[in-house]
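Each residue of the sequence shown is one higher than the one before, starting from 2 at the first, in my numbering. Backbone N, C-alpha and C fix where the C-beta goes; we use that ideal spot for every residue, glycine too.
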Amino acid sequence: MKADIEIARDCRMKPIAEVARVLDIPEDDLELYGKYKAKLSDTLWNKLAHAPLGKLVLVTAINPTPAGEGKTTVTVGLGQALSRLGKRATVALREPSLGPCFGIKGGASGGGYAQVVPMEELNLHFTGDFHAITSANNLLAALLDNHIHQGNALGIDSKQIVIKRCLDMNDRVLRNIVVGLGGKADGVVREDRFVISVASEIMAILCLAGDLADLKRMLGNMIVAWRYDGSPVTTADLGATGALAVLLKDALKPNLVQTLENSPAIVHGGPFANIAHGCNSVRATRLALKLADVVVTEAGFGADLGAEKFFDIKCRKSGLKPDAVVLVATVRALKYNGGAAKSELAVENLAALERGIVNLGKHIENLQKFGVPVVVTLNAFVTDTPAEQALISDYCRARGCEVVLTEVWEKGGEGGMALARSVLNTLENRPSDFRVLYPDAMPLEDKIATIAREIYGADGVTFGPAAQKALKKISDVGMASFPVCIAKTQYSLSDDPKKLGRPEGFTVHIRDAYVAAGAGFVVALAGDIMTMPGLPKTPAALGIDIDDNGLISGLF
Numbered sequence: 002m003k004a005d006i007e008i009a010r011d012c013r014m015k016p017i018a019e020v021a022r023v024l025d026i027p028e029d030d031l032e033l034y035g036k037y038k039a040k041l042s043d044t045l046w047n048k049l050a051h052a053p054l055g056k057l058v059l060v061t062a063i064n065p066t067p068a069g070e071g072k073t074t075v076t077v078g079l080g081q082a083l084s085r086l087g088k089r090a091t092v093a094l095r096e097p098s099l100g101p102c103f104g105i106k107g108g109a110s111g112g113g114y115a116q117v118v119p120m121e122e123l124n125l126h127f128t129g130d131f132h133a134i135t136s137a138n139n140l141l142a143a144l145l146d147n148h149i150h151q152g153n154a155l156g157i158d159s160k161q162i163v164i165k166r167c168l169d170m171n172d173r174v175l176r177n178i179v180v181g182l183g184g185k186a187d188g189v190v191r192e193d194r195f196v197i198s199v200a201s202e203i204m205a206i207l208c209l210a211g212d213l214a215d216l217k218r219m220l221g222n223m224i225v226a227w228r229y230d231g232s233p234v235t236t237a238d239l240g241a242t243g244a245l246a247v248l249l250k251d252a253l254k255p256n257l258v259q260t261l262e263n264s265p266a267i268v269h270g271g272p273f274a275n276i277a278h279g280c281n282s283v284r285a286t287r288l289a290l291k292l293a294d295v296v297v298t299e300a301g302f303g304a305d306l307g308a309e310k311f312f313d314i315k316c317r318k319s320g321l322k323p324d325a326v327v328l329v330a331t332v333r334a335l336k337y338n339g340g341a342a343k344s345e346l347a348v349e350n351l352a353a354l355e356r357g358i359v360n361l362g363k364h365i366e367n368l369q370k371f372g373v374p375v376v377v378t379l380n381a382f383v384t385d386t387p388a389e390q391a392l393i394s395d396y397c398r399a400r401g402c403e404v405v406l407t408e409v410w411e412k413g414g415e416g417g418m419a420l421a422r423s424v425l426n427t428l429e430n431r432p433s434d435f436r437v438l439y440p441d442a443m444p445l446e447d448k449i450a451t452i453a454r455e456i457y458g459a460d461g462v463t464f465g466p467a468a469q470k471a472l473k474k475i476s477d478v479g480m481a482s483f484p485v486c487i488a489k490t491q492y493s494l495s496d497d498p499k500k501l502g503r504p505e506g507f508t509v510h511i512r513d514a515y516v517a518a519g520a521g522f523v524v525a526l527a528g529d530i531m532t533m534p535g536l537p538k539t540p541a542a543l544g545i546d547i548d549d550n551g552l553i554s555g556l557f
């Protein structure tokens, strides 16, 4: 079997203007970035002002394992299959981050014969959106430090600076640093740290803003520091809002590319789901819904993270209402959750499967709490046995979910036809009664406890001293009505990555919290989760190269 990059390179891409015609996008509304990718202009919004909305399908998954689940691959393959069935469909995805691309996880454009192309460009610099976000974030940090250096007219407490510099790369040595070393002209000496760009508040704002005016309002509301008197300092207080918006004006526009089968794909934004809210931009999703009859989007990592945040943050703040959910699982991953060794996942093991399938069961229960119909899909591997697949099918049907096999990695859209038909049948015959998990008026501590209890299955929550102090301060300044974004490990329903399956008898520990006042949510840090990842012992970057003819190898 060819590598993903080889499959992508063999694809006969169409000029992006041809792909745009599938969605009736005029060529004048394309801002071309080469021949195969484009940004969708602001004028397109006015033309679609009164267009009806299509159906919204969310693809999510069980907790990720080293065995692989293929959530993005299924998302792309489902979009391809819907197009094969004659539906006016598009996928709406996040942009890949350079951090995992050069780290351990690889790219995020799908896999096998269900990919978004151009694969190399998508996984690398694409249209520069992440660079714009990084630049805007770091300009804001520089303006803040300069303000302190130039006399500190706002009375900023340098020990209570909230804004952190960012970089779209895994770099553990930047987690804790000291800035301002040198002479008097080099600034005020203080401790600081970096976050990865996808965890920055500006990334979240870009993905939640409705338009440029909304972007500027949200940027202006960002709390960058606290004064000595305990009051917040915002981007607007620094006079930085306009400059940041200028850097982000093009990044705010969604990007149009294509799948391997030349069906349209709208790709925009990319917050991680373990340390941020994990969804592509509201603008991209809304625009896709105006352009297509069916939109397939995805949320990062397992349903306990990405799907919960999609519902409770993105949908709550945007008014979007999903019509169906596809929950991706694999036989291999469920056996791994049941204690099977990674080296033994190709061998039939019904006992391990029975132990691990409870992870899938918990995610089904969680999704049903939001009132959206659920379709379970098994991403097929050649090592799966009929007995294993039958066990999963019986288990899911007993919980009110249809189970459909997908083979999109191997067969592209053709391998997703059964799933596409099931999704269409669900959209036609099983109406969604979408609801969020908790009300806005619930206290922040109770919101966190509700997510931990209802979604993770925890017995309770403990709050460290820093978290208690932070949550009180956030409530005191009138932001307790915000939804909560819990940052925790993606590998377990709990905050301990080693607790696989469906853990019981555990508590979630919240060690700290902070408010993303511009984005409009509160981040609670659980367990040992880091907002700046590190590289593994053998980073993927060591296997990436380019030859004298410009041919890239090693991307996956």
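1. Going straight from the alpha carbon of Ala133 to that of Ser201, what length do you get?
2. For Pro466, does the three-state DSSP call read helix, strand or coil?
3. Determine, using beta-carbon pairs with one atom in the segment 379–387 and one in the segment 330–348, whether at least three such pairs fall under 8 Å.
4. If we count Cβ pairs, one from each stretch, closer than 8 Å, do we get three or more for the segment 324–339 versus the segment 51–62?
5. Roughly how many angstroms separate the alpha carbons of Leu445 and Ala237, rounded to a whole number?
6. Taking the DSSP output, what are the residues bridged to Gly461?
7. Here's the rule: buried if 16 or more other CB atoms are within 10 angstroms of the residue's CB, otherwise exposed. What is Ala21?
8. Would you mind stating whether Met223 and Pro272 have Cβ atoms separated by less than 9 Å?
9. Closer than 8 Å is the cut-off here; do at least three beta carbon pairs connect the segment 432–451 with the segment 469–485?
10. Considering Arg13, what are the terminal residues of the alpha helix (DSSP H) in which it resides?
11. Which partner residues does Gln116 have in the DSSP bridge list?
12. Tell whether a beta-carbon distance below 9 Å holds between Ser42 and Leu24.
13. Apart from the five residues on each side of it in sequence, which residues of its chain come closer than 6 Å, Cβ to Cβ, to Gly221?
14. Find out if the Cβ-Cβ distance for the pair Ile449, Val405 is shorter than 9 Å.
15. Work out the CA separation of Ser198 and Cys280 for me, nearest whole Å.
16. I believe Cys397 touches Ile365 by the beta-carbon criterion, under 8 Å. Please report the beta-carbon distance rounded to the nearest angstrom.
17. Can you name, in chain order, every residue of its own chain whose Cβ lies under 6 Å from the Cβ of Ala93, other than the five neighbours on each side?
18. Could you tell me whether the Cβ atoms of Ala421 and Arg85 are closer together than 9 Å?
19. Kindly indicate the opening and closing residues of the alpha helix (DSSP H) around Lys40.
20. Please list, in chain order, all residues of the same chain as Ala527 whose beta carbon is under 7 Å from its beta carbon, the five residues on each side excluded.
21. Round the Cβ separation of Ala97 and Asn124 to the nearest angstrom and send it over; I've been treating them as touching at under 8 Å.
22. If we require 4 or more residues per run, which alpha helix (DSSP H) segments fall completely within the segment 68–145?
23. Mind checking Leu556: buried by the 16 CB within 10 Å criterion, or exposed?
24. For Ser232, is the classification buried or exposed, using 16 other Cβ atoms within 10 angstroms of its Cβ as the cut-off for buried?
25. When DSSP builds the beta bridges, which residues end up paired with Gln259?
26. Under the assumption that Met14 contacts Gln390 (Cβ atoms under 8 Å), give the Cβ distance between them as a whole number of angstroms.
27. From Lys473 to Leu248, what distance separates their C-alpha atoms?
28. I'd like the span of the alpha helix (DSSP H) that includes Pro387, first residue to last.
29. Looking only at C-alpha atoms, which of Ala334, Arg431, Ala419 sits nearest to Asp401?
30. Please classify Asn367 as buried or exposed, where buried requires at least 16 other C-beta atoms within 10 Å of its C-beta.
31. Considering only residues of the segment 150–208, which uninterrupted beta strand (DSSP E) runs meet the minimum length of 3 residues and lie entirely inside it, listed in chain order?
32. Is it the case that the Cβ atoms of Phe103 and Ala542 are separated by a distance below 9 Å?
33. With a threshold of 16 other CB atoms inside 10 Å of the CB of Tyr229, please say whether the residue is buried or exposed.
34. List the DSSP bridge partners of Lys56.
35. Tell me which same chain residues have a C-beta within less than 8 Å of the C-beta of Ile8, skipping the five on either side of it?
36. Along the chain, where does the alpha helix (DSSP H) that runs through Ile365 open and close?
So, from the data block:
1. Rounded to whole angstroms, the separation of the alpha carbons of Ser201 and Ala133 is 12 Å.
2. In this structure, Pro466 counts as helix in the three-state DSSP scheme.
3. At 8 Å Cβ cutoff, the stretches touch.
4. With contact defined as three or more Cβ pairs closer than 8 Å, the segment 324–339 and the segment 51–62 are in contact.
5. Here the C-alpha atom of Leu445 lies approximately 26 Å from the C-alpha atom of Ala237.
6. Thr508, per the DSSP bridge assignment.
7. Around the Cβ of Ala21, a 10 Å sphere holds 16 or more other Cβ atoms; the residue is buried.
8. Cβ atoms of Met223 and Pro272: not closer than 9 Å.
9. The segment 432–451 vs the segment 469–485: in contact.
10. Judged by DSSP secondary structure, Arg13 falls outside any alpha helix (DSSP H); it is assigned neither H nor E.
11. Gly111, per the DSSP bridge assignment.
12. Cβ distance not < 9 Å, so Ser42 and Leu24 don't count as in contact.
13. The answer, listed in chain order, is Thr236, Ala237, Thr242.
14. In this structure, Val405 does not lie closer than 9 Å to Ile449 by Cβ.
15. Going from the Cα of Cys280 to the Cα of Ser198 covers about 14 Å.
16. Their Cβ separation, rounded to whole angstroms, is 7 Å, which keeps Cys397 and Ile365 in contact under 8 Å.
17. Only Ile267, Asn281, Ala285, Thr286, Ala289, Val296, Thr298 meet the Cβ criterion.
18. In terms of Cβ geometry, Ala421 and Arg85 form a close pair [threshold 9 Å].
19. Looking at the DSSP string, Lys40 is not in any alpha helix (DSSP H); the run it does join, the beta strand (DSSP E), is 39–41.
20. Here Ala527 has Ile487, Ala488, Lys489, Asp496, Val509, His510, Ile511 as same chain residues with Cβ atoms under 7 Å from its own Cβ, once five neighbours each way along the sequence are excluded.
21. The amino acid at residue 97 is misidentified as Ala; the sequence shows Pro. Asn124 and Pro97 do touch by the CB rule: their CB atoms are close to 5 Å apart, below 8 Å.
22. Uninterrupted alpha helix (DSSP H) stretches at least 4 residues long and entirely within the segment 68–145 occur at 72–85, 99–103, 120–124, given in chain order.
23. So Leu556 ends up on the buried side.
24. The residue is exposed, with fewer than 16 neighbouring Cβ atoms inside 10 Å.
25. Answer is Val118, Pro265, bridged to Gln259.
26. Their Cβ separation, rounded to whole angstroms, is 35 Å, which puts Met14 and Gln390 out of contact at 8 Å.
27. Spanning the two alpha carbons is a distance of roughly 34 Å.
28. From DSSP, the alpha helix (DSSP H) with Pro387 extends over 387–398.
29. The residue asked about is misnamed: residue 401 is Gly in this sequence, not Asp. For Gly401, the nearest C-alpha among the options comes from Arg431.
30. Counting Cβ neighbours within 10 Å, Asn367 comes out buried, since at least 16 surround it.
31. DSSP runs (the beta strand (DSSP E)) wholly in the segment 150–208: 157–162, 166–168, 178–180, 191–193, 195–197.
32. In contact: Phe103 and Ala542 (Cβ atoms closer than 9 Å).
33. Classified as exposed, Tyr229 has fewer than 16 neighbouring CB atoms from the shown chains inside 10 Å of its CB.
34. Paired residues: Val295.
35. Gly113, Tyr114, Gln116, Leu261.
36. That run of the alpha helix (DSSP H) goes 351–369.
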